[in-house]
Amino acid sequence: MVRTIFLLLLLVPVLSNAHDGEKHPGNGGVITDLEMGGLLYDNWPKVAGLKMDGTQPLYPPNGKKTGKSSWRCKECHGWDYIGKDGRYRSGSHFTGFDGILHARGKTEEALSQSLSGRTAVHDFSTWMSAAQIRALTVFIREGLIDFQEVERLLQGSAGGRGRSLYGKACASCHGDDGNDIDFKDKDGVQGVGWLANDNPQETLHKIRWGHPGSDMPSAVVDLSLTDEETVEILRYARSLEQH
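Residue 1 is where the sequence shown starts when you use our numbering, and the numbers rise one by one after that.
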């Protein structure tokens, strides 16, 4: 019994590493594996508090990114989770890599092995804790959304439902017009309306899972919104005035 308790105490710091350094206003300050996985997919070095040197070894030599951006999952697999078959099929983010949408049907064990096994191409066990790898597998299995379905849901004009959801979930920080937070310090104010039109895939990912290192909640976990409701927020955000 004593030995068991001792081993559990040793595991506590490891299991809590995924939540270290993250501000979080919902769920009593606890970040679920699902939400943490979404944040890790966005920018796991930032979430883990790591400064990665050089360019990711798996990043293709003909790619156009270098340094810290090359380490992010989204940089190769895309905000739409379909890599070379989606938004990143061309342009400055093109890598030629597949997405991860097809992997959501895999078992947690298989995904864990692909991210941490000694023979895995993506062996991140050197940098990520076991808890973080587990969170990433949960996100891949449960947190992805098919953007072909999103495009269907986005058809039509923004309605009052989206306005109401935006007002409850977003306006307190981003403002009623979406411009209280400026994402770029050039070319005028580039707020929520600008980002939602320029990169709806990134916008929806952050609506659903939050932004690493910020107080932004997850609409899915903290606000218990459905996929359709998060898309309604995106659709309304695209209607906001841009300066």
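Just so it is clear, CB atoms sit at the ideal spot from N, CA and C, and this is done for glycine as well.
Inter-residue spacing [alpha-carbon to alpha-carbon] between residue i and residue j
{"i": "residue 154", "j": "residue 183", "result": "23 Å"}
{"i": "residue 147", "j": "residue 174", "result": "24 Å"}
{"i": "residue 52", "j": "residue 71", "result": "8 Å"}
{"i": "residue 214", "j": "residue 151", "result": "28 Å"}
{"i": "residue 31", "j": "residue 84", "result": "31 Å"}
{"i": "residue 68", "j": "residue 203", "result": "21 Å"}
{"i": "residue 126", "j": "residue 50", "result": "12 Å"}
{"i": "residue 176", "j": "residue 89", "result": "34 Å"}
{"i": "residue 117", "j": "residue 179", "result": "44 Å"}
{"i": "residue 63", "j": "residue 128", "result": "24 Å"}
{"i": "residue 61", "j": "residue 189", "result": "35 Å"}
{"i": "residue 171", "j": "residue 181", "result": "10 Å"}
{"i": "residue 201", "j": "residue 119", "result": "32 Å"}
{"i": "residue 23", "j": "residue 33", "result": "Its pLDDT being 44, under 50, residue 23 is placed unreliably by the model, and the measurement read from it follows with that caveat. Rounded to the nearest angstrom, the two C-alpha atoms are 15 Å apart."}
{"i": "residue 186", "j": "residue 211", "result": "21 Å"}
{"i": "residue 196", "j": "residue 226", "result": "19 Å"}
Classification of residue i by the beta-carbon crowding that lies within 10 angstroms, buried from 16 upward
{"i": "residue 35", "result": "buried"}
{"i": "residue 77", "result": "buried"}
{"i": "residue 47", "result": "buried"}
{"i": "residue 162", "result": "buried"}
{"i": "residue 92", "result": "exposed"}
{"i": "residue 224", "result": "exposed"}
{"i": "residue 244", "result": "Any answer about residue 244 is impossible in this case: the structure gives the chain only from 1 up to 243."}
{"i": "residue 157", "result": "exposed"}
{"i": "residue 37", "result": "buried"}
{"i": "residue 57", "result": "exposed"}
{"i": "residue 75", "result": "buried"}
{"i": "residue 66", "result": "exposed"}
Contact under 8 Å by Cβ, residue i with residue j
{"i": "residue 115", "j": "residue 192", "result": "no"}
{"i": "residue 245", "j": "residue 101", "result": "For the chain, the structure presents residues 1 to 243; residue 245 sits outside this window and is missing."}
{"i": "residue 220", "j": "residue 208", "result": "yes"}
{"i": "residue 41", "j": "residue 95", "result": "no"}
{"i": "residue 112", "j": "residue 82", "result": "no"}
{"i": "residue 141", "j": "residue 108", "result": "yes"}
Cutoff 8 Å: residue i Cβ touching any chain B Cβ
{"i": "residue 182", "result": "Included in the structure is just one protein chain, with no chain B present."}
*asked:* If contact is defined by three or more beta carbon pairs under 8 Å, each pair taking one atom from either stretch, is the segment 229 to 237 in contact with the segment 154 to 170?
replied: Taking a cut-off of 8 Å on C-beta distances, the segment 154 to 170 touches the segment 229 to 237, as three or more cross pairs fall below it.
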